[in-house]
Amino acid sequence: MIEMQQKRIMLGWSKRELARRSGIDASLISYAENRGFQLYPGQLAKVANAFGMDKAEMSSLLKEVSQDGLTDI
23 MIEMQQKRIM
33 LGWSKRELAR
43 RSGIDASLIS
53 YAENRGFQLY
63 PGQLAKVANA
73 FGMDKAEMSS
83 LLKEVSQDGL
93 TDI
């Protein structure tokens with residue numbers, strides 16, 4: 023979830039801030055960024071919404087997940 027981490031840092035947000043804005047537990051965000059834990063598509067949609075991403079940008083996040091081995095998105 024490198025792209026998610028880069029976007030979060032670019033915005034100056036902590037993991038807790040992203041968790042607050044997305045409604046996803048901070049521990050899941052931490053696992054995704056640090057341990058390669060795969061978020062579900064619905065969770066990614068919440069993250070993308072928190073970032074204010076459009077559909078094309080969100081698609082980029084989903085592609086990253088798909089390339090990392092999660093299929094049937």
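Counting from 23, one number per residue, gives the positions in the sequence shown under the working numbering. Glycine residues also receive a C-beta, built at the ideal position from the N, C-alpha and C atoms.
Same chain only: Cβ atoms within 7 Å of residue i, ignoring 5 sequence neighbours per side
{"i": "Ile51", "result": "Lys37, Leu40 and Ala41"}
{"i": "Gln27", "result": "Glu55"}
Cβ-based neighbour list, residue i, same chain, cut-off 6 Å, excluding 5 preceding and 5 following
{"i": "Leu61", "result": "Ala54"}
{"i": "Phe73", "result": "Lys29"}
Residue i - containing alpha helix (DSSP H), residue span
{"i": "Leu50", "result": "Ala48 to Arg57"}
{"i": "Ser44", "result": "Lys37 to Ser44"}
{"i": "Gln60", "result": "Note, Gln60: premise wrong, no alpha helix (DSSP H); not H, not E."}
{"i": "Met32", "result": "Ile24 to Met32"}
Member of the options whose CA lies at the smallest distance from the CA of residue i
{"i": "Gln65", "options": "Ala78, Arg43 and Arg57", "result": "Arg43"}
{"i": "Ile46", "options": "Ser82, Ala70, Ala78 and Asp76", "result": "Ala70"}
Rounded C-alpha distance that separates residue i from residue j
{"i": "Ala48", "j": "Met32", "result": "18 Å"}
{"i": "Met75", "j": "Ser81", "result": "10 Å"}
{"i": "Glu25", "j": "Gly34", "result": "14 Å"}
{"i": "Pro63", "j": "Arg57", "result": "18 Å"}
Close Cβ partners of residue i (< 8 Å) along its chain, the five nearest in sequence each way excluded
{"i": "Glu79", "result": "Ala70 and Phe73"}
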